[in-house]
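J.:
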Amino acid sequence: GNSVTQMEGPVTLSEEAFLTINCTYTATGYPSLFWYVQYPGEGLQLLLKATKADDKGSNKGFEATYRKETTSFHLEKGSVQVSDSAVYFCALSDHAGGTSYGKLTFGQGTILTVHP
Amino acid sequence: NAGVTQTPKFRVLKTGQSMTLLCAQDMNHEYMYWYRQDPGMGLRLIHYSVGEGTTAKGEVPDGYNVSRLKKQNFLLGLESAAPSQTSVYFCASRPGPAIANYGYTFGSGTRLTVV
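As given, the protein sequences belong to chains G and U, one line each in that order.
Number 23 in our numbering belongs to position 23 of the first sequence; there are no gaps in the numbering.
Number 81 in our numbering belongs to position 81 of the second sequence; there are no gaps in the numbering.
(1) Assuming the contact rule is C-beta atoms closer than 8 Å, Val4/G and Leu92/G should be a hit. Round their C-beta distance to whole Å, please.
(2) In the DSSP assignment, find the beta strand (DSSP E) that holds Gly57/G and state where it starts and stops.
(3) Does the separation of the CB atoms of Met32/U and Leu78/U fall below 8 Å?
(4) Under a CB-based cut-off of 8 Å, is Tyr89/U close to chain G?
(5) Could you give the DSSP three-state label for Val60/U: helix, strand or coil?
(6) Taking only the alpha-carbon atoms, compute the straight-line gap between Tyr88/G and Pro10/G and give it to the nearest angstrom.
(7) Taking a contact to mean a Cβ-Cβ separation below 8 Å, would you say Ala82/U touches Val60/U in this structure?
(8) In angstroms with no decimal places, state the Cα-to-Cα distance between Gly1/G and Thr28/G.
(9) Taking the beta strand (DSSP E) that Lys103/G belongs to, which residues open and close that run?
Spelled out as structure tokens, the structure:
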């Protein structure tokens, strides 16, 4: 079955530091890959996505590249802010047209805390 | 605002009590999902629905039932609550297969404590 593994957390950084959160996956076929962010007390929000190999998803200064050869989708940001403090989830989905019905498989989440 | 609405936001139950969590979406999405979130375990799929009148089991369905009598609503029921069901529950929806690679829209969650 499908699985997603994220780097162990929590991650604590100073403002303006470089961020990397590692994500690797196991899946059959060609899944779509996502990063979701959860701010305190809220639901999950889609941060970025990539649907095929070598695609780069980007949003709000965050980037992730779909690497099929290493089955990875690492999240990066060049300069984090205090407002980026949240829980970040990597996820994958088989295509909705198949029998998986677009179900998402999530990693365990990585807590990011950014200090001023 | 359009989106996914969950009620209630918080609830405390005694062991053995029953309750229903309501999820409503106004985006005309075909697919709806119920997940539970537990520390260190990410989100795990409980049940899902691919259209009005349909339901299917996810990864952790035991102790839960669901119904989708109307396209916009997806109900999650606990018939006899247990402490192991203490969790945060999230509902999500997405369009059907005609729109590929679409991310979910999540509700804000229901925090349930079973004592």
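We put the CB at the ideal spot given by N, CA and C, even for glycine.
T.: According to the structure shown:
(1) Indeed, because the Cβ distance is near 6 Å, the residues count as touching under 8 Å.
(2) Lys56 to Asn59
(3) no
(4) Cβ-Cβ to chain G under 8 Å: no for Tyr89/U.
(5) coil
(6) 10 Å
(7) no
(8) 8 Å
(9) Per DSSP, Lys103/G belongs to no beta strand (DSSP E) and is neither H nor E.
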